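Heads up, the sequence shown stops at 1337 in the numbering used here, and the numbers go up one at a time, no gaps. Think of the CB as a built atom: it goes at the ideal place given N, C-alpha and C, for glycine as much as any other residue. Remember, it's a predicted structure, so these values are computed and weren't measured experimentally.
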Amino acid sequence: RFRWNNMPRLEKVYLKNNVMGLISNGTQSILEEESHIKDVLSRIVVEMIKREWPQHWPDMLKELDTLSKQGETQTELVMFILLRLAEDVVTFQTLPTQRRRDIQQTLTQNMEKIFSFLLTTLQQNVNKYRHVKNDLAQEPKAQANCRVGIAALNTLAGYIDWVALSHITADNCKLLEMLCLLLNEPELQIGAAECLLIAGKLEDRKPLMVLFGDVAMHYILSAAQTADGGGLVEKHYVFLKRLCQVLCALGSQLCALLGSDSDVETPANFGKYLDSFLAFTTHPSQFLRSSTQITWGALFRHEVLSRDPLLLAMIPKYLRASMTNLVKVGFPSKTDSPSCEYSRFDFDSDEDFNAFFNSFRAQQGEVMRMACRLDPRTGFQMAGEWLKYQLTAPVDTGPMNSCCCAYREEHGESSGVLFLSAKTGEGLCSIFSPSFVQWDAMTFFSESVISQMFRTLDKDEIPVNDGINLLQLVLNFETKDPLILSCVLTNVSALFPFVTYRPEYLPQVLSKLFASVTFEVIEESKAPRTRAVKNVRRHACSSIIKMCRDYPQLVLPNFEMLYNHVKELLSNELLLTQMEKCALMEALVLVSNQFKDYERQKAFLEELMAPVAGLWLSAEMQRVLSDPEAFISYVGADNKIADPVLEDPSGLNSSRISFCVYTILGVVKRARWPADAEEAKAGGFLLGYMPSGNPIYRNPCTEQVLKLFDNLLALIRTHNNLYMPEMVARLGETFAKALDMLEVEKNAILGLPQPLLELYDSPVYKTVLERMQGFFCTLYDNCFHILGNAGPSMQQDFYTVEGLATQLLSSAFINLNNIPDYRLRPMLRVFVKPLVLSCPSEYYETLVCPMLGPLFTYLHMRLSQKWQVINQRSMLCEDDAADDNPESQEMLEEQLVRLLTREVMDLITVCCVSKKGIEHNTTAAVDADDDEAMATEVTPPASAELTELGKCLMKQEDVCTALLITAYTSLSWKDTLSCQRTTTQLCWPLLKQVLPGNLLPDAVSWFFTSVLKGLQIHGQHDGCMAALVHLAFQTYEALRPRYAELKAVMEQIPDIQRDSLEQFDSKLLNPSLQKVADKRRKDHFKRLIAGCIGKPLAEQFRKEVHIRNLPSLFKKVKPSLETDVIEDEDGEGFKILFEP
198 RFRWNNMPRL
208 EKVYLKNNVM
218 GLISNGTQSI
228 LEEESHIKDV
238 LSRIVVEMIK
248 REWPQHWPDM
258 LKELDTLSKQ
268 GETQTELVMF
278 ILLRLAEDVV
288 TFQTLPTQRR
298 RDIQQTLTQN
308 MEKIFSFLLT
318 TLQQNVNKYR
328 HVKNDLAQEP
338 KAQANCRVGI
348 AALNTLAGYI
358 DWVALSHITA
368 DNCKLLEMLC
378 LLLNEPELQI
388 GAAECLLIAG
398 KLEDRKPLMV
408 LFGDVAMHYI
418 LSAAQTADGG
428 GLVEKHYVFL
438 KRLCQVLCAL
448 GSQLCALLGS
458 DSDVETPANF
468 GKYLDSFLAF
478 TTHPSQFLRS
488 STQITWGALF
498 RHEVLSRDPL
508 LLAMIPKYLR
518 ASMTNLVKVG
528 FPSKTDSPSC
538 EYSRFDFDSD
548 EDFNAFFNSF
558 RAQQGEVMRM
568 ACRLDPRTGF
578 QMAGEWLKYQ
588 LTAPVDTGPM
598 NSCCCAYREE
608 HGESSGVLFL
618 SAKTGEGLCS
628 IFSPSFVQWD
638 AMTFFSESVI
648 SQMFRTLDKD
658 EIPVNDGINL
668 LQLVLNFETK
678 DPLILSCVLT
688 NVSALFPFVT
698 YRPEYLPQVL
708 SKLFASVTFE
718 VIEESKAPRT
728 RAVKNVRRHA
738 CSSIIKMCRD
748 YPQLVLPNFE
758 MLYNHVKELL
768 SNELLLTQME
778 KCALMEALVL
788 VSNQFKDYER
798 QKAFLEELMA
808 PVAGLWLSAE
818 MQRVLSDPEA
828 FISYVGADNK
838 IADPVLEDPS
848 GLNSSRISFC
858 VYTILGVVKR
868 ARWPADAEEA
878 KAGGFLLGYM
888 PSGNPIYRNP
898 CTEQVLKLFD
908 NLLALIRTHN
918 NLYMPEMVAR
928 LGETFAKALD
938 MLEVEKNAIL
948 GLPQPLLELY
958 DSPVYKTVLE
968 RMQGFFCTLY
978 DNCFHILGNA
988 GPSMQQDFYT
998 VEGLATQLLS
1008 SAFINLNNIP
1018 DYRLRPMLRV
1028 FVKPLVLSCP
1038 SEYYETLVCP
1048 MLGPLFTYLH
1058 MRLSQKWQVI
1068 NQRSMLCEDD
1078 AADDNPESQE
1088 MLEEQLVRLL
1098 TREVMDLITV
1108 CCVSKKGIEH
1118 NTTAAVDADD
1128 DEAMATEVTP
1138 PASAELTELG
1148 KCLMKQEDVC
1158 TALLITAYTS
1168 LSWKDTLSCQ
1178 RTTTQLCWPL
1188 LKQVLPGNLL
1198 PDAVSWFFTS
1208 VLKGLQIHGQ
1218 HDGCMAALVH
1228 LAFQTYEALR
1238 PRYAELKAVM
1248 EQIPDIQRDS
1258 LEQFDSKLLN
1268 PSLQKVADKR
1278 RKDHFKRLIA
1288 GCIGKPLAEQ
1298 FRKEVHIRNL
1308 PSLFKKVKPS
1318 LETDVIEDED
1328 GEGFKILFEP
């Protein structure tokens, strides 16, 4: 590979002859020779072909043909050579462009011969194999033929996806017919299925409809039945997976070909095809079931096929299969279902299976909804039958994990079983109980089909009586099992739309939900509630909120009854948790929005919030909220507690603070004026109009909330000050880590899976430390949620609060140096970003700029320091402090810095850049993983311009500097995702804003160098590299005419070609010469800066393989390959290297 270019001609010939001699008679027989020897021999030949064929070795194919006639051993090696050649030239494209083009075009010219050779080899060896395979005396001979057949199929698979379709369909589709026949040959069926699968994905589809013919369909069906008949054998199972993929590919072909304007008709065997496809959907393997879903979706969505009677008749069968498939069974560590055995092949652990099943179920839900769009009544009828059955079926709690224990005994403790022993109450379900998995599946099914029915059928077609009967059955059903009750509540919600036709059933629904809000397994029990019980109560609260949000008009006539019920529950301080109390109050606020009367709603909110206001504004609370020491003492964080599992003595105090904050948040989030402008005006919500003509509304909650605002800011200030070292020192011994991250937050950031499964059954025994951590974390988040929602909720009443910017700076932004990254992130996301997005431009100068200016300056300083530490840490291989700071802690810190960086860059982008077609996603985009897929061709949209706020910020010199420096410095921070976003969305719009001014030459050089540094660090990632090259090109083109210093920067790039740079510059500086297309200019520029583009680690120290270009074959006048002399580029003749 490395010396070929310098070897004398005779040495090359000697090497080639010896290698061909080895293939001819230097290896052991096909069944005895080691596979790695065969592989290396074939690769040596391919390396020679890549360097010398066709120009210097025109008879290579003839030589291979001659070799193959010597016997099976040589034929198999020839197959390997042809396959490796196709992989290197077409699949992996590991050659220089001209060599690749020469070889691929010569292969294409000879493809008829190559395909004929492959097909003949396959046919001859298959025939010989079939002839002798049952003769024990000739078993070695049969095995040899079989091996060649497998090699021929593998080689065909390497060619099928890129050769002309005419070769695949030649001789009346002889190849496809042969492949279908081989599906019934156990030793060859996997290879045949691979070839069919590749063929089935081809774009030029029409000839492939032959696979829907009688013969092909017969062989496909019988192969599937045979492979599935003998139980689970790995080889047969792998074949079934391939065959399933073939059927999916056929379905895709059919969907692509059939159209209203197409001359292709639905195949006669479409019914047979659907039956065979359904067989895979009902197979015990969960993986095979899931593989069929996308194709079912495509069929149900198709404009022609969705009206086909055969497909419509299949819908009840598909839904019946889904009823089975939705049942969550098949965990690899269990033995309670035929699926378990297959899962042990497909999944490494129960966590893997659980993650797979959750996405499979969601996919099924989507496809079921499509099916029900075509036949809504059938789905509803089946859901009703299943629901009635579950309501009357006896509860089977199962054998309490005995099968899990048996599996653990058999496979040892380290078998990756995730189940904890159940701690359920007697006779209650665990999440593996047969009854619960059935309830769970039925609930998902009914939810999916009922919601689709309401969307599909007209109002007068809805089967109201049937729906109400089902609802009555569900409401009358009583259970003390929390897991089943949770399913019952979901069914109540799914059937609730029927109540819009019969409002008299609303009180019954409310009674059922309120009974569940206070659900206990053991009444008046002092023991901690299990997670399942907590979930039921939370579920009931959510259902009430959802009902009041989606059907407020329906609930309004029952408002008094609802209000009295809530008041009764709130009167007992210990009956509900703070979150449950506030959820019920939120529901009331949502219904009160339907009063559409400002004074009435204001009076109601005043009454609702009176207990909170009394508590929040009391002298004691004001003292506690304003003083960090008093606050620590009040919530009991300075105590030392002997038994950390006992109820902590100050729990009531912290829960009162939580209750107040939850309530303020609920009211701010939910209280609104009517959406209809006329109703708002009639109800007294309209105050006037802005100069722009937009209406100014007033929120009925404003007066109440603003009364509590000062103490809220005092709490935020106090909370920030808790992180001061002297305050942390005041925490009691038990609570020394009270301000640390929760374990669940750490796991989420590190991407660790949550422990699965039977946690539902164990009581939530939290230590007082865990409870305190949860209290501080939730309190901090909720305070900022209130500030983030205050703008959209109270609008100008909030923005015009006197000295608001100063008040926020002296509370939310105080002591930021001590605030850890994990607390700063939510502050930016849930407070600063919503505030900026909702703020009208009239308040930019008075509120947003005074606040963001110091914040951006601080954030740049903080992130620079953090990244400096990370870079230093990665440079020091042996760190003495490694023991104090274990690797997991370092990983956590680094990941937090990455996430904070993304949050900050996202915030700056939201503030400064307006983009058409790009929405600013609040959380999902920022929390994405490092390995998120990135586009490889990135060009910033032409419409990326600065927003009004961006222009306002850029007018202030210190803020402008902070923004530019942060954006350009971040390009060399080791976070690929952040780099790509910043490059494509932020850098150029910011720089373009300052271009008209007089930039200092040093500053210009620094901007350009920053982009090149980014390329050095992130150049190995295609998406980043494309974006950074584009940015460097834009910057150089825009600034080089004014700043000669940029040329000096370019000259420092390693291995830059000076004459090429001069050429590029002369065209750039002389507009009259600049007629080169933009793409060519950019390609030229990319070649210039290639020396500073970072490479992946694997390539950095790799010895380069140089394959020289040979004289071009494919010019207009093509020289004959048969001639002994071909003219090279210099006009000198040379001899063919390898003579036959």
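- About 12 Å separates the beta carbon of VAL1191 from that of GLY1147, a gap too long to meet the 8 Å contact definition.
- For PRO529, there is no enclosing alpha helix (DSSP H), as DSSP marks it with neither H nor E.
- Comparing alpha-carbon positions, the option among GLU1087, THR1144, GLU1090 and GLN1069 lying closest to ILE1105 turns out to be THR1144.
- By the beta-carbon neighbour count (other beta carbons within 10 angstroms, threshold 16), GLY456 is exposed.
- Under the 8 Å Cβ criterion, the region 747-754 counts as touching the region 789-796, having at least three qualifying pairs.
- Secondary structure of GLY1216 (DSSP, three-state): coil.
- The C-alpha of ARG914 is placed about 7 Å away from the C-alpha of SER1007.
- If you draw a straight line from the Cα of CYS1149 to the Cα of ALA1229, it is about 26 Å long.
- Excluding sequence positions up to five before and after PRO694, its CB lies within less than 7 Å of the CB of PHE651, all in the same chain and listed in chain order.
- Residue environment for SER556: exposed (fewer than 16 other C-beta atoms within 10 angstroms of its C-beta).
- Residue pairing by DSSP places GLY885 opposite ILE893 in a beta bridge.
- Annotation: the continuous alpha helix (DSSP H) that includes SER540 extends over 536-543.
- For SER1257, same chain residues with a beta-carbon under 8 Å away, outside a window of 5 residues either side, are HIS1281, ARG1284 and LEU1285 in chain order.
- Among the bridge pairs identified by DSSP, GLU1242 is matched with none.
- Rounded to whole angstroms, the separation of the alpha carbons of THR489 and CYS441 is 7 Å.
- Straight-line measurement puts the Cα of ASN986 at about 23 Å from the Cα of LYS878.
- Per DSSP, the beta bridge partners of LEU1143 are VAL1110.
- Distances from the CA of VAL671 to each of ASP655, ILE659 and VAL689 were compared; the closest alpha carbon is that of VAL689.
- One thing to note: ILE742 has its Cβ within 8 Å of the Cβ of ALA784.
- The beta carbons of ARG344 and GLU269 sit about 7 Å from each other, so the pair counts as a contact at 8 Å.
- Three or more beta-carbon pairs drawn from the region 1163-1173 and the region 1089-1099 are found closer than 8 Å, and the two stretches are therefore classed as touching.
- Per DSSP, CYS1176 is one residue of the alpha helix (DSSP H) stretching across 1173-1179.
- Shown here, ASP593 sits in coil according to DSSP, grouped into three states, outside any helix or strand.
- Between the region 1024-1031 and the region 898-911 there are fewer than three C-beta pairs closer than 8 Å, too few to call the two in contact.
- Per DSSP, reduced to three states, the secondary structure at GLN1004 is helical.
- The DSSP-derived three-state label of LYS259 is helix.
- Taking the C-beta atoms as reference points, VAL592 is found nearer than 8 Å to SER632.
- Of all C-beta pairs linking the region 306-316 to the region 287-296, fewer than three are shorter than 8 Å, placing the two stretches out of contact.
- Nearest to HIS736 by alpha-carbon distance, out of LEU753, ALA367, THR715 and PHE756, is THR715.
- Comparing C-alpha distances from GLU923 to each of ASN1015, MET887, PHE981 and GLN992 shows the shortest one belongs to ASN1015.
- Around the CB of ASP1275, fewer than 16 other CB atoms lie within 10 Å, so the residue is classed as exposed.
- Linking GLN561 to TRP493 through their CA atoms gives a straight-line distance of about 10 Å.
- Non-local beta-carbon contacts of PHE973 in its own chain, meaning distances under 7 Å to residues more than five positions away in sequence, involve ALA935 and LEU936 in chain order.
- Check the Cα spacing between LEU316 and each of LEU475, ALA348 and LYS837: the tightest is with ALA348.
- One Cα belongs to ASP637, the other to ILE512, and the distance between them is close to 22 Å.
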